[in-house]
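Structure, as structure tokens:
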Amino acid sequence: GLFYNLIDDLIATEMNPMSLGQEGMRFRYANIESARTLGADASMSVDDIWGFSATLRYHLGMAQNIDKNRPLAGRSRHRASLSVSYQYLPWALSMSAQAAWHSPRPFYILRSFSEDEARVDAASYVMSDCFIEKRFVGSLALWLRAENLTNAGDVDYLPVRPRSVYAGLRVYYD
-5 GLFYNLIDDL IATEMNPMSL GQEGMRFRYA NIESARTLGA DASMSVDDIW
45 GFSATLRYHL GMAQNIDKNR PLAGRSRHRA SLSVSYQYLP WALSMSAQAA
95 WHSPRPFYIL RSFSEDEARV DAASYVMSDC FIEKRFVGSL ALWLRAENLT
145 NAGDVDYLPV RPRSVYAGLR VYYD
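Each residue of the sequence shown is one higher than the one before, counting from -5 in our numbering.
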């Protein structure tokens, strides 16, 4: 699908100039008087072929701060993602995996305490995770989840939780 939006008084985040020189950037809310977004989304899905399902998505987005005539901070122009799942019913086993790629994102940083802002393009990144669950007799299931497998993130431009692995026991009430 295609989209086009004109937005007045958009609440966004921006770098807080008071965090200059500190470890990790700090953000604050900012009002953008006038912004425009336009782009396209496309997806393709395959469902339940021998237990497999998959969805491929692509997003092209151009987000513009009209007043400053520059791209909105922190927004990727391109995003692509793939989700795959599998169920093997004889073993009561289900698995899924997702990965999403984000193109570089612009940020604007004040140079010292002047009004002059420098553009910094944060690196592209991939976020991925997976999940597996084995259901046992009755309503008991054991599961394992791993998040941020690529260990994406950095303290300044992508402050997200590092690679994490969780396991658990689930009880279903059928």
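Each residue gets a CB set at the ideal place from its N, CA and C atoms; glycine is no exception. Remember, it's a predicted structure, so these values are computed and weren't measured experimentally.
Quiz prompt | Residues near Ser10 in its chain [Cβ-Cβ closer than 7 Å; skip 5 each side] | solution = Note on residue identity: the sequence assigns Asn, not Ser, to residue 10. Cβ within range, chain order: Arg20, Phe21 and Arg22.
* To do: Within its chain, find whatever has a CB closer than 8 Å to the CB of Asp115; leave out the 5 residues flanking it on each side and keep chain order.
  => Pro98, Arg99, Pro100 and Phe101
Indicate whether the contact test is met: 3 or more Cβ pairs, each with one atom in the region 60 to 68 and one in the region 89 to 97, closer than 8 Å. no
Applying the 10 Å Cβ sphere with the 16-neighbour rule, what's the burial state of Ala57? buried
Would Ser122 and Tyr167 be called neighbours here (beta carbons separated by less than 8 Å)? no
Terminal residues of the beta strand (DSSP E) in which Pro100 lies:
Arg99 to Leu104
*Contacts around Asp3, its chain only, beta-carbon distance under 8 Å, and the 5 residues preceding and following it disregarded*: Asn25, Ile26 and Glu27
_Leu138, DSSP secondary structure in three states_ = strand
- Among Glu111, His72, Met89 and Ala161, which has the Cα closest to the Cα of Ala34? His72
- Task: Specify, as a first and last residue, the run of the beta strand (DSSP E) that Leu76 falls within.
- Result: His72 to Tyr82
Margin query: So for Trp185, helix, strand or coil by DSSP?
Written below: Residue numbering for the chain in the displayed model covers -5 to 168; residue 185 lies beyond these limits and cannot be assessed.
Just to confirm, is the Cβ distance from Val159 to Ala135 under 8 Å?
no
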